[in-house]
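Trainee: Chains as they are written, first to last, in the numbering used here: chain A, 21 to 292; chain B, 79 to 435.
Encoded as structure tokens, here's the structure I'll be asking about.
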């Protein structure tokens, strides 16, 4: 028995490592490259032992003003997520409670179409409105993904909440809206956090929409990375450092909120 | 109170012509098999479901089109429906807070309700930290603190274990009597209905079968369904034919030959020669010492309960259960003779199931 469990532990470990390699290796490579000089990065065979340099990060923040891009990305990601929540939560609740599945699918169509097909109409529309390179435009465009995502996650979440809770609240004196705000929303924390995290990450990582619709004023991080790519060469060190700057908040966010996505928060409401 | 209310889901009629007046302070139980429309009826009274026809009055007030919050009702749900993110205190206080009562008054009322239900010691706990019985008490507390005009209870005890159910049953009945609040209680358990109700509404397939107090329901069922639904073990039914002979009306089949009581004659005269169903409760059938009595039966199964013995028998093609004294111990396969207490028997129309006598 003991041998068997040891063997299964080893096999399990190998399996975990095998799965992790494709995910972790590029990340580790990026991380190490961000502390190397250009020569070290392109050296063949690869340099494994080196003296780390912070020069790449200095270039990212001093030369290129990444602080502002960081702020831009944050404004757009937070803005589009919040607006999607404001619109998406009541929408999802309505779809869930009134069984408006057709409406749900309609919203999903926006997500089924390739995002790139929206870009040309958007570009024409927003340029006529003189709204290219404004936060409003970018927030609205990023909601194309954030909103359906939030609606679909939350429809499922609301479906899972016991209906009796809202009925009890209504009998207790709430309007339907009151029941939504006082009972349903406080119980939807885990769902909202999950949906918001995904919506935020999408916006944070989005390249295509920002490439077309933003310019100097609202340039986001993924676009800014391109500043290190010129016709002559690619400054790999700063690119990697910039990449780390982009990835870090996403990773931190995911790790922090993962802890909050606790299942079974509704336990005790109905049968426990 | 309910005036011909009706509920259709598409073409399906879930509740048809539900027409009942419930008196002030009365404890009314709606009972019926699952899917009979009893919960739907309750939900229409609560305003959680919109009726497709008819009117609902609470007191003098027409409430048909009012949302639940304007009906001054309180409801206890089968699943308790406690707000999981609030502690017991806040659960009970929720409705009062919504009405913007001063906080000292809320505090006083919540503590009073908690006192009545014996839940004072866990007011600060969350619902998930409570047992089923405790949760049920909290759900009751949430209702009584409101001092509503009507309590609506939708199978509140069905998630509890048998012993707790009996205990809570008595507590709810006592509580209702003490508070004197009109209560409509839905259950599928006829024992609950019989023990708690002032009056019982028996429903089947969305239609009210009979409205009566428990004893009347037991003694004078309106039809075969009510007769079979109320009482454990249920009433026995024996298919037979009504025949007029010189000494009066006889109920005859291959195993039985029973003379109908003389006072039945007038009512059953019209059914002479027709197939009818004789209904006799288990306690009104007893094994007979005579060599030939009203019915011959074969013993199928003997269930010893200690205080009494239930004997399952076959009377011709029909199965029946008789309640016998504990010292009566036949063996399976025995041929026995039965005697019916015809004064307490019923006769049903075979086609419609309606009672004849």
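We treat Cβ as the ideally placed atom computed from N, Cα and C, and that holds for glycine.
Report the CB separation of residue 210/B from residue 238/B in whole angstroms; it is logged as a contact under 8 Å.
Mentor: Looking up residue 210/B in the second chain gives position 132. Looking up residue 238/B in the second chain gives position 160. Yes, they are in contact, since the Cβ atoms of residue 210/B and residue 238/B sit about 5 Å apart, within 8 Å.
Trainee: Nearest-angstrom Cα distance between residue 261/A and residue 40/A?
Mentor: Residue mapping note: residue 261/A aligns to position 241 of the first chain, counting from 1. Residue mapping note: residue 40/A aligns to position 20 of the first chain, counting from 1. Taking the straight line joining both Cα atoms gives about 22 Å.
Trainee: Does residue 191/A have its Cβ less than 8 Å from a Cβ in chain B?
Mentor: Translated into the one-based positions of the first chain, residue 191/A becomes position 171. By this cut-off, residue 191/A is an interface position.
Trainee: Would you report the Cα separation of residue 421/B and residue 394/B, rounded to the nearest angstrom?
Mentor: Against the second chain, residue 421/B aligns to sequence position 343. Against the second chain, residue 394/B aligns to sequence position 316. Rounded to whole angstroms, residue 421/B to residue 394/B spans 22 Å at the Cα level.
Trainee: So residue 82/A is in the beta strand (DSSP E); what residue range does that whole segment cover?
Mentor: Numbered from 1 along the first chain, position 62 holds the residue referred to as residue 82/A. Per DSSP, residue 82/A belongs to no beta strand (DSSP E) and is neither H nor E.
Trainee: Could you give the uninterrupted runs of the alpha helix (DSSP H) lying entirely in the region 34 to 73 of chain A, keeping only those of 4 residues or more?
Mentor: DSSP runs (the alpha helix (DSSP H)) wholly in the region 34 to 73 of chain A: 58 to 62.
Trainee: Mind checking the region 56 to 82 of chain A against chain B and listing, in chain order, the residues whose C-beta falls within less than 9 Å of any C-beta there?
Mentor: For the region 56 to 82 of chain A, which is checked against every Cβ of chain B, not one residue is closer than 9 Å.
Trainee: Among the residues of its own chain, which have a CB less than 7 Å from the CB of residue 283/B, if the five just before and after it don't count?
Mentor: Working through the second chain from its first residue, we reach residue 283/B at position 205. So the qualifying residues of the chain are 114.
Trainee: Are the CB atoms of residue 322/B and residue 330/B within a distance shorter than 8 Å?
Mentor: Looking up residue 330/B in the second chain gives position 252. Looking up residue 322/B in the second chain gives position 244. No, these two residues do not count as a Cβ contact at 8 Å.
Trainee: State the DSSP-derived secondary structure class of residue 385/B, mapped to helix, strand or coil.
Mentor: Counting from one through the second chain, the residue named residue 385/B turns up at place 307. Note: residue 385/B maps to coil in three-state DSSP.
Trainee: Can you tell me whether DSSP reads residue 341/B as helix, strand or coil?
Mentor: Against the second chain, residue 341/B aligns to sequence position 263. Helix.
Trainee: Nearest by alpha-carbon distance to residue 424/B: which of 179/B, 363/B and 178/B is it?
Mentor: Taking the second chain and counting its residues from 1, the one referred to as residue 424/B is at position 346. When each option's Cα is compared against that of residue 424/B, the closest is 363/B.
Trainee: What is the residue span of the beta strand (DSSP E) that residue 232/B lies within?
Mentor: The residue given as residue 232/B occupies position 154 in the second chain. Segment 228 to 232, the beta strand (DSSP E) holding residue 232/B.
Trainee: For a test of the three-state rule: what should DSSP assign to residue 397/B, helix, strand or coil?
Mentor: Reading the second chain from its first residue, position 319 is the one you call residue 397/B. DSSP places residue 397/B in strand when its eight states are reduced to three.
Trainee: List the residues of chain A that residue 153/B touches, going by C-beta distances under 8 Å, in chain order.
Mentor: By one-based count along the second chain, residue 153/B stands at place 75. Residues of chain A passing the Cβ test: 187, 188 and 191.
Trainee: So is residue 173/B in contact with chain A if we call contact Cβ pairs under 8 Å?
Mentor: On the second chain, position 95 is the one that residue 173/B refers to. Residue 173/B counts as touching chain A.
Trainee: Is the region 155 to 171 of chain A close to the region 96 to 112 of chain A, with three or more CB pairs under 8 Å?
Mentor: Touching, yes.
Trainee: Near residue 408/B, what residues of its chain come up, given a Cβ to Cβ distance below 8 Å and the 5 sequence neighbours on each side ignored?
Mentor: Counting from one through the second chain, the residue named residue 408/B turns up at place 330. Excluding positions up to five away in sequence, the list reads 365, 377, 380, 389 and 414.
Trainee: Counting only beta-carbon separations shorter than 8 Å, does residue 157/B have a partner in chain A?
Mentor: Taking the second chain and counting its residues from 1, the one referred to as residue 157/B is at position 79. Chain A, which has a Cβ nearer than 8 Å to the Cβ of residue 157/B, makes this yes.
Trainee: So, at 8 Å on beta carbons, what are the nonlocal neighbours of residue 143/A in its own chain, with the 5 sequence-adjacent residues on each side left out?
Mentor: Position 123 of the first chain, counted from the first residue, corresponds to residue 143/A. If we look at residue 143/A and ignore the five residues flanking it on each side, its Cβ neighbours are 152, 232 and 233.
Trainee: Which of helix, strand or coil does DSSP assign to residue 219/B?
Mentor: In the second chain, the residue the question calls residue 219/B occupies position 141. It is helical.
Trainee: Could you give the distance in angstroms between the alpha-carbon of residue 434/B and the alpha-carbon of residue 293/B?
Mentor: Numbered from 1 along the second chain, position 356 holds the residue referred to as residue 434/B. Numbered from 1 along the second chain, position 215 holds the residue referred to as residue 293/B. Using only the alpha carbons, I get a separation of about 19 Å.
Trainee: For the region 293 to 313 of chain B against the region 142 to 149 of chain B, do three or more pairs of beta-carbon atoms, one drawn from each stretch, fall closer than 8 Å, so that the two count as touching?
Mentor: No: the two stretches stay apart, fewer than three of their Cβ pairs being nearer than 8 Å.
Trainee: In this structure, what does DSSP give as the bridge partners for residue 239/A?
Mentor: Looking up residue 239/A in the first chain gives position 219. In the DSSP output, where bridge partners are listed per residue, residue 239/A has none listed.
Trainee: On the premise that residue 251/B lies in contact with residue 274/B, defined as a C-beta separation below 8 Å, what is that separation, rounded to the nearest angstrom?
Mentor: Residue mapping note: residue 274/B aligns to position 196 of the second chain, counting from 1. Residue mapping note: residue 251/B aligns to position 173 of the second chain, counting from 1. Yes, they are in contact, since the Cβ atoms of residue 274/B and residue 251/B sit about 5 Å apart, within 8 Å.
Trainee: Between residue 233/B and chain A, is the shortest Cβ-Cβ distance under 8 Å, so that the two count as touching?
Mentor: Reading the second chain from its first residue, position 155 is the one you call residue 233/B. No, because no Cβ of chain A sits closer than 8 Å to the Cβ of residue 233/B.
Trainee: Under the DSSP definition of a beta bridge, which residues are partnered with residue 315/B?
Mentor: On the second chain, residue 315/B is found 237 positions in, with the first residue counted as 1. In DSSP, residue 315/B forms a bridge with 357/B.
Trainee: I'd like to know if residue 214/A contacts chain B, where contact means its C-beta is closer than 8 Å to some C-beta of that chain.
Mentor: The sequence position of residue 214/A within the first chain is 194, counting from 1. No, residue 214/A lies away from the interface with chain B (no Cβ there is under 8 Å from its Cβ).
Trainee: When the Cα atoms are used, what is the spatial distance from residue 266/A to residue 225/A?
Mentor: Translated into the one-based positions of the first chain, residue 266/A becomes position 246. Translated into the one-based positions of the first chain, residue 225/A becomes position 205. For residue 266/A and residue 225/A, the distance between alpha carbons rounds to 8 Å.
Trainee: Which residue's Cα is closest to the Cα of residue 242/A: 251/A, 228/A and 253/A?
Mentor: Translated into the one-based positions of the first chain, residue 242/A becomes position 222. The option with the nearest alpha carbon to residue 242/A is 228/A.
Trainee: Contact defined as beta carbons within less than 8 Å: I believe residue 273/A pairs with residue 217/A. What is the distance between those atoms, to the nearest angstrom?
Mentor: Along the first chain, one-based indexing puts residue 273/A at 253. Along the first chain, one-based indexing puts residue 217/A at 197. Indeed they touch by this definition, with Cβ atoms about 6 Å apart.
Trainee: Residues in the region 192 to 213 of chain A with C-beta within 9 Å of chain B's C-beta atoms, listed in sequence order?
Mentor: Those residues of the region 192 to 213 of chain A that come within reach of chain B (Cβ to Cβ, closer than 9 Å) are 192, 193, 194, 195, 196, 198, 202, 203, 206, 207 and 209.
Trainee: How is the alpha helix (DSSP H) around residue 176/A delimited, first residue to last?
Mentor: Sequence index remark: in the first chain, residue 176/A carries index 156 (1-based). 155 to 180 is the span of the alpha helix (DSSP H), which, as asked, contains residue 176/A.
Trainee: I need the straight-line Cα distance from residue 120/A to residue 128/A, nearest angstrom please.
Mentor: For the purposes of this step, residue 120/A is identified with residue 100 of the first chain, where counting begins at 1. For the purposes of this step, residue 128/A is identified with residue 108 of the first chain, where counting begins at 1. C-alpha separation (whole angstroms): 13 Å.
Trainee: Would you call the region 182 to 200 of chain A and the region 155 to 164 of chain B in contact, with 3 or more CB pairs under 8 Å?
Mentor: Segments in contact, yes.
Trainee: Compute the distance between the beta-carbons of residue 126/B and residue 108/B, then report whether it is under 8 Å.
Mentor: By 1-based counting over the second chain, the position of residue 126/B is 48. By 1-based counting over the second chain, the position of residue 108/B is 30. No, the pair does not count as a contact, with Cβ atoms beyond the cut-off.
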